[in-house]
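*Asks:*
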Amino acid sequence: MIQLHLQVIYLNVFYTSVVLILPLVLVLTLNVCVIRALQESKRRLRLSSLEHYDGRSETNITVVMVAIVLELVLCHTPDRVLQVCVI
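At position 40 of the sequence shown the residue is numbered 56 (our numbering), and the sequence of numbers has no breaks.
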């Protein structure tokens with residue numbers, strides 16, 4: 017009985033935090049850092065450029081990074097929900 021209880025704790029707490037929560041927090045944190053750096057770069061380019069700079073490439077990069085985070089959530093969350101329901 018204790019072994020089953022420990023297995024449930026391992027699968028639901030440890031595995032979920034290592035496979036879903038930790039990567040999600042890491043990706044979100046790194047993406048926020050990259051987005052801030054891109055915004056700062058865009059601001060500097062706009063100030064130093066004689067021509068109009070619209071920053072479309074930075075916007076495209078931001079959209080791709082958001083899509084990666086959504087992919088992470090959409091692919092890992094159903095697996096964890098099914099795993100919890102089975103146990």
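Note that beta-carbon positions come from the ideal geometry of N, C-alpha and C, so glycine has one too.
What residue range does the alpha helix (DSSP H) around Ile18 cover?
*Replies:* Your numbering for residue 18 matches position 2 in the sequence shown. First-last of the alpha helix (DSSP H) with Ile18: Ile18 to Ile25.
*Asks:* Using the three-state DSSP reduction, which class does Ser145 fall into: helix, strand or coil?
*Replies:* Shown here, the chain extends from 17 to 103; a query on residue 145 therefore has no answer.
*Asks:* Is it the case that the Cβ atoms of Asn47 and Val85 are separated by a distance below 9 Å?
*Replies:* The sequence position of residue 47 within the sequence shown is 31, counting from 1. The sequence position of residue 85 within the sequence shown is 69, counting from 1. Yes, they are a contact pair.
*Asks:* If contacts are defined as beta-carbon pairs under 8 Å, then Asn28 and Val97 qualify, I think. What distance do you get, rounded to the angstrom?
*Replies:* The residue you call residue 28 lines up with position 12 of the sequence shown. The residue you call residue 97 lines up with position 81 of the sequence shown. Rounded, the Cβ-Cβ distance is 11 Å, inconsistent with contact.
*Asks:* Which whole-angstrom value is the C-beta distance of Leu54 and Ile77, which I expect to be below 8 Å?
*Replies:* Looking up residue 54 in the sequence shown gives position 38. Looking up residue 77 in the sequence shown gives position 61. With 8 Å as the limit, Leu54 and Ile77 qualify as a contact, their Cβ atoms being about 6 Å apart.
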